[in-house]
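Protein chains: 2
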Amino acid sequence: MDDGRSRVVIEGVSPEIDGGRFPIKRTVGERVVVEADAYTDGHDAISLVLLYRHDGEETWSETPMTPLVNDRWRGEFQVYELGRVCYTLVGWVDRFKTWTRDLRKRLDAGQDVQVDLLIGVQIIEESATRAPEIDARPMLAVASALRDNEQGAAERVFSPELTWLMDRYAVRHFEIRYDRELRVTVDPAIARFSTWYELFPRSASPEFGRHGTFRDVVAQLPEIAAMGFDVLYLPPIHPIGRSFRKGPNNTTTAEPGDPGSPWAIGAEEGGHKDTLPELGTLDDFSSLVSSAREHGLELAMDIAFQAAPDHPYVKEHRTWFRERPDGTIQYAENPPKKYQDIYPFDFESDDWRAMWDELKDVFIFWCQRGVRVFRVDNPHTKAFPFWEWCIAEVKSEYPDAIFLSEAFTRPKVMYRLAKVGFTQSYTYFTWRNTSSELREYLTELTQTEVAEYFRPNFWPNTPDILPEYLQFGGRPAFLTRLILAATLTANYGIYGSVYEALEATPLAPGREEYWESEKYEIRHWPLEPRQRMREVITIVNRIRRDNPALQSNESLTFHNVDNDQIIAYSKTTDDGANLILTVVNLDPHHVQSGWVELPLDAFGIEPSQSFQVHDLLGGGRYMWNGTHNYVEIDPHAMPGQIFQIRRHMKREHDFDYFM
Amino acid sequence: MDDGRSRVVIEGVSPEIDGGRFPIKRTVGERVVVEADAYTDGHDAISLVLLYRHDGEETWSETPMTPLVNDRWRGEFQVYELGRVCYTLVGWVDRFKTWTRDLRKRLDAGQDVQVDLLIGVQIIEESATRAPEIDARPMLAVASALRDNEQGAAERVFSPELTWLMDRYAVRHFEIRYDRELRVTVDPAIARFSTWYELFPRSASPEFGRHGTFRDVVAQLPEIAAMGFDVLYLPPIHPIGRSFRKGPNNTTTAEPGDPGSPWAIGAEEGGHKDTLPELGTLDDFSSLVSSAREHGLELAMDIAFQAAPDHPYVKEHRTWFRERPDGTIQYAENPPKKYQDIYPFDFESDDWRAMWDELKDVFIFWCQRGVRVFRVDNPHTKAFPFWEWCIAEVKSEYPDAIFLSEAFTRPKVMYRLAKVGFTQSYTYFTWRNTSSELREYLTELTQTEVAEYFRPNFWPNTPDILPEYLQFGGRPAFLTRLILAATLTANYGIYGSVYEALEATPLAPGREEYWESEKYEIRHWPLEPRQRMREVITIVNRIRRDNPALQSNESLTFHNVDNDQIIAYSKTTDDGANLILTVVNLDPHHVQSGWVELPLDAFGIEPSQSFQVHDLLGGGRYMWNGTHNYVEIDPHAMPGQIFQIRRHMKREHDFDYFM
């Protein structure tokens with residue numbers, strides 16, 4: 175039996191994922207606000223403190239929790255260092271707090287408190303034994319005055335000085351420690367706020383018909399950086415298999431010279447730790463990584479754990495793949511579909527430990543070559559325990575590494591991948607087009623527990639997905655989805671060249687794949703037709719950089735509009751200083767107008783006061799007044815407005831000449 | 175590292191209280207419906223089973239879980255024995271299920287499945303090694319037919335027989351067991367459905383001026399049982415302290431002959447294991463317990479852990495109480511109020527183990543004398559760890575013991591008491607009068623996780639609480655609160671004599687205490703003025719007994735009424751056979767009418783079909799039709815209607831003469 179006299183209850187702690195089974199996520203400099211229910215039997219007052227420490231530290235730091243209502247308490251700390259931080263809670267029945275609270279009531283009721291003062295003497299003297307002499311002396315002075323029932327002694331009990339000392343040297347009789355240590359994964363800032371640009375390096379050549387190279391990508395870095403991106407993501411750069419190689423438009427017969435899909439990884443030239451010779455050498459790649467960093471761009475590699483039939487692993491580690499009864503290796507399938515150019519790893523292999531080590535080593539290999547950002551292909555088709563182990567291992571060596579989960583699958587699977595360690599994730603944004611769809615989905619992502627561990631990264635398109643909205647909406651649709659992605663979540667990306675070129679031709683009617691997809695052939699992207707779109711992208715990304723409100727998600731709030739074709743939402747910083755309201759016309763065909771309802775109270779705007787909204791995208795400045803304000807948006811001009819709200823308009827007495 | 179090949183995830187299990195820290199509650203014969211999220215990576219099919227066993231059993235019983243939507247699974251079991259039942263979950267990637275599912279698709283697509291059939295052979299043969307010969311033989315026959323690719327062999331894979339056998343002898347490769355064992359406390363049926371009657375035995379004498387006795391209570395048993403009660407609750411029956419004894423109306427000076435408050439426990443004659451001599455001997459009490467049981471009544475004792483200054487504990491165990499610096503013992507306080515007639519136990523006493531043992535022994539002592547129902551006074555002023563230990567100890571010897579928590583305090587404290595073991599609890603019902611208050615509170619109690627561990631027991635009044643609604647509402651108010659208590663929750667009780675007598679005089683205006691409360695004096699209750707109320711109580715309790723829908727809470731559903739003064743709600747049994755609709759006029763002064771909106775779909779009534787509602791309280795029968803039906807209620811006649819809904823009205827072709 176524990177000490178049965180530990181009477182404080184601590185429960186209902188948040189954030190706490192699955193009973194503490196998984197860490198929450200923060201980035202360097204962010205706050206962790208912790209709440210808990212805490213109380214004891216009877217009427218005694220309690221104290222509660224929040225403990226936290228970095229994995230590398232021996233001692234805990236401590237900060238007080240303060241009571242809210244209904245036995246709920248709140249406290250917070252900040253995380254400053256990459257890695258793991260733990261937190262937990264300690265509470266105790268606080269004799270001094272109880273005694274002073276009751277003494278106040280007794281004094282107010284004019285009762286004889288002589289014996290009560292002596293109780294206080296005991297409490298204060300006990301605490302004084304824990305204090306160095308310099309602090310003990312004033313404590314003992316009050317105790318002595320109480321013992322002698324000196325004139326005014328009782329009132330000295332309530333002095334801020336004694337309160338502070340008694341708090342500092344509180345004897346925590348029968349303290350309770352919350353029975354779980356909860357964890358925070360502290361990531362670099364780019365985990366929270368990042369802007370991704372995807373390109374196929376083999377299409378990067380400025381000359382039509384030549385295979386692009388890492389050097390060609392280096393040449394594009396200045397303009398990509400100038401558009402405001404900070405992550406440059408390349409599809410797999412490894413040797414591409416030759417057996418069952420796919421031809422253009424995903425045909426099953428490749429002609430000589432067809433480059434194949436970069437996701438069919440591995441050939442005689444090597445596998446996951448090698449580069450496709452046509453792209454360049456490992457050294458060329460390392461130069462690209464460092465050049466990119468010089469331009470403020472992190473290079474994101476695509477890690478796709480699967481093997482083409484001619485991958486060296488297939489010969490060297492045949493037991494990592496599943497054998498069929500006829501002696502062949504099991505290719506990827508989604509019956510009745512067959513993907514004979516791809517062998518999945520068998521995560522039930524007897525040799526799983528060696529396989530895990532090797533797959534982890536792939537990340538380490540590229541980390542050693544300077545890569546810190548990984549976009550992981552289809553992580554939901556590999557075992558969760560592998561990811562939990564692998565990501566933890568990589569981050570223990572490279573705590574600044576981040577992992578984007580490319581999972582488009584069932585919701586619980588996507589969330590699980592985030593729980594086991596993925597830093598960011600693809601989302602359903604790609605298929606959420608209407609106002610109610612977006613509101614519902616974003617509310618789930620940003621206003622529920624999900625926000626503690628799942629960081630959405632919004633992509634309007636990917637090489638696999640050309641959504642119907644883009645197929646039929648023309649340029650306004652591309653702008654709308656860009657603005658939504660860039661302002662709804664702090665992490666977003668575009669599959670650049672085709673987006674800029676407004677490519678909207680599907681493989682076939684009703685299909686979401688691109689016609690002449692870069693996945694299966696080399697494309698050439700002349701700059702001129704893309705220039706107009708690039709200008710808008712540049713402005714949007716500059717707005718994101720200039721406005722910290724857009725660099726996190728937790729403040730996202732939707733506002734009612736009396737027209738369902740228009741969506742309106744705001745984001746703000748913790749201190750409220752930066753406040754951005756985005757209004758988007760979701761109808762790519764028609765002008766739409768409506769009245770946007772704003773929570774002036776929450777915005778800190780007096781109802782009677784005019785305020786200015788400055789459209790950072792279009793440049794317009796409007797004087798608004800009251801809770802309802804009119805917007806009218808022509809999608810063919812610009813389908814969205816990103817307003818910076820200026821609360822305090824200058825008035826006549828703000829100017830010298832008024833005096 | 176565990177086996178990293180265990181790929182199934184089990185999470186989001188419900189019911190699960192605070193991560194499994196506390197048990198859920200059921201009564202003998204009830205179902206436990208368990209849900210969980212379960213899934214694996216990729217496309218493999220999984221199986222999930224629910225395991226459960228009684229604390230006394232070595233082996234687990236098993237029942238399959240079935241998938242709902244969105245990776246949610248459900249299964250259930252029933253509990254048949256008092257005590258503790260554990261449950262947990264096991265899941266695995268199911269190779270046979272995956273294989274048959276894929277085979278179906280391949281066959282439908284007309285693919286060559288020869289190699290796939292050989293995979294099936296391996297799976298079936300592996301399972302067959304686990305089966306006795308009689309079951310293995312048909313399995314191996316299918317395997318052999320598949321190996322030889324016999325005509326129609328593939329279709330035999332889908333036979334119910336093979337499905338059943340493969341399920342039974344499934345090889346659970348890399349099975350995952352949920353990492354928590356969750357618990358159910360199985361209580362007797364009376365924990366779920368009980369009807370309480372409270373009386374002060376000292377007022378039970380039929381002769382004015384004589385102190386009532388246990389024998390007087392025995393004489394009243396037939397009429398109390400006839401009213402339909404099954405628990406008879408007596409305030410404390412122990413010797414009453416003499417120091418600082420309270421006089422009538424809670425005055426601080428008792429005159430000689432004043433009996434004092436029964437909650438001031440302990441005097442020279444004894445303490446918590448003794449009876450007040452005026453009430454009778456221990457033997458008289460035992461006779462009362464057994465006579466009550468013969469009448470279908472459980473006797474509920476009041477256990478109030480506190481001592482009058484003359485309690486024997488105070489001399490024998492002075493360290494169980496807190497000493498003040500002047501050498502006196504700390505009396506109960508809620509500053510500035512002082513209760514000098516009561517010493518609270520000090521749950522921080524150095525001798526707490528001995529104190530815990532003795533307090534537990536009080537329950538055991540009365541259990542040995544036949545008592546199984548305890549109403550515990552102010553449990554929230556004693557340490558939670560004590561209750562958790564004490565109740566578990568008592569129930570390990572007497573698993574049919576039940577504990578009603580008399581806590582009127584902050585919500586989280588009340589819920590915690592239920593979590594640590596209290597079987598039932600007093601509630602805020604006493605102060606919830608309006609339709610929206612009742613809906614909100616009852617929804618929390620019956621439709622959230624709270625229902626898994628907190629069993630409300632509704633009391634319209636107690637010796638401490640004469641709510642304002644009863645003070646000003648007259649007889650209609652008493653009837654309204656009776657009907658609400660009796661039909662909203664399966665457990666309810668009344669403080670009988672004063673309720674029947676419609677006593678409504680407070681100690682002073684604005685106070686909730688009774689004038690001339692039985693807590694401080696002996697009262698005499700002539701039967702005649704109470705008879706009319708008793709008749710209604712008898713009918714209400716008979717309705718509760720006859721209608722199983724009213725004997726549990728989980729089906730409670732509120733229905734909209736276009737008049738806020740009227741509240742309407744229904745309850746039904748699991749099979750829907752018994753369906754009760756209660757409609758109450760909450761305005762004790764005026765006739766109110768309105769349209770009640772019913773969910774005919776959920777009720778299983780065709781919209782076009784008439785149905786009969788039979789008011790079991792007033793006797794009326796009405797033909798209703800459609801979703802909206804009219805009610806009009808005169809509170810001076812009867813403020814509520816308790817309708818039994820008869821779905822199927824006889825029509826002409828139900829009668830012989832129609833043929």
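In the order they appear, the protein sequences are chains A and B. Quick note: the first sequence uses my numbering, first residue 175, plus one each step. Quick note: the second sequence uses my numbering, first residue 175, plus one each step. A virtual CB, placed ideally from N, CA and C, is assigned to each residue, including glycine. Just so it is clear, the structure is predicted and the values come from calculations on it, not from any experiment.
Looking at residue i: is its Cβ nearer than 8 angstroms to the Cβ of residue j?
i	j	result
B:Ala317	B:Glu335	no
A:Thr620	A:Asn752	no
A:Arg181	B:Ala528	no
A:Leu256	A:Leu224	no
B:Ile435	B:Tyr694	Ile is not the amino acid found at residue 435 of chain B; the sequence shown has Ser there. Taking 8 angstroms as the Cβ cut-off, B:Ser435 and B:Tyr694 qualify as a contacting pair.
B:Leu760	B:Thr654	yes
A:Gly386	A:Ser460	no
B:Leu791	B:Ile711	no
B:Arg246	B:His347	no
B:Ile657	B:Pro813	yes
A:Asn607	A:Tyr643	yes
B:Ile277	B:Gly294	In the sequence as presented, Ile is not what sits at residue 277 of chain B; that position holds Leu. Yes; because the gap between Cβ atoms is below 8 angstroms, this pair is in contact.
Measuring only the C-alpha atoms, how far is residue i from residue j?
i	j	result
A:Trp530	A:Cys564	8 angstroms
A:Val187	A:Ile350	14 angstroms
B:Asp458	B:Asp476	17 angstroms
A:His217	B:Thr555	8 angstroms
A:Glu168	A:Thr636	Chain A is shown only over 175 to 833; residue 168 of chain A falls outside these bounds and no answer can be derived.
A:His228	A:Leu730	30 angstroms
A:Trp605	B:Ala310	50 angstroms
A:Thr272	B:Tyr600	27 angstroms
A:Trp331	A:Gln288	Looking at the sequence itself, residue 331 of chain A is Val, so the reference to Trp does not match. Roughly 14 angstroms separates the two Cα atoms.
A:Trp689	A:Pro422	9 angstroms
B:Leu662	A:Lys279	40 angstroms
A:Asp215	B:Pro585	12 angstroms
B:Asn244	B:Leu471	48 angstroms
A:Pro451	A:Trp370	26 angstroms
A:Arg195	A:Arg342	33 angstroms
B:Arg771	B:Asn803	Arg is not the amino acid found at residue 771 of chain B; the sequence shown has Glu there. Cα to Cα, the separation comes out at about 7 angstroms.
Kindly give me the distance between the Cβ atoms of residue i and residue j, rounded to whole angstroms, as I take these residues to be in contact under 8 angstroms.
i	j	result
A:Leu281	A:Arg321	Going by Cβ atoms, the distance from A:Leu281 to A:Arg321 rounds to 17 angstroms, so no, they are not a contact pair.
A:Ala664	A:Pro634	No, A:Ala664 and A:Pro634 are not in contact; Cβ-Cβ is about 16 angstroms, not under 8 angstroms.
B:Ala438	B:Ala482	4 angstroms
B:Leu774	B:Ile754	No, B:Leu774 and B:Ile754 are not in contact; Cβ-Cβ is about 16 angstroms, not under 8 angstroms.
B:Val259	B:Val360	6 angstroms
B:Asp736	B:Trp769	5 angstroms
Is DSSP giving residue i helix, strand or coil here?
i	result
A:Lys556	coil
B:Ile298	helix
B:Val287	coil
A:Ile717	helix
B:Ser318	helix
A:Gln739	coil
Interface residues of the stretch 293 to 320 of chain A facing chain B [CB-CB below 9 angstroms]
Residues of the stretch 293 to 320 of chain A that bring their beta carbon within less than 9 angstroms of a beta carbon in chain B comprise Ile293, Val295 and Gln296, in sequence order.
Between the stretch 511 to 532 of chain B and chain A, which residues of the former have CB atoms less than 7 angstroms from a CB of the latter, in chain order?
Taking 7 angstroms as the cut-off between beta carbons, the residues of the stretch 511 to 532 of chain B near chain A are Phe521, Glu522, Trp526 and Trp530, in sequence order.
Near-chain A residues of the stretch 476 to 498 of chain B (beta-carbon distance less than 8 angstroms), N- to C-terminal order:
Correct list: Arg498.
Could you list the residues in the stretch 609 to 627 of chain B with a C-beta less than 7 angstroms from some C-beta on chain A, going in chain order?
So the list is empty, because no residue satisfies the distance condition.
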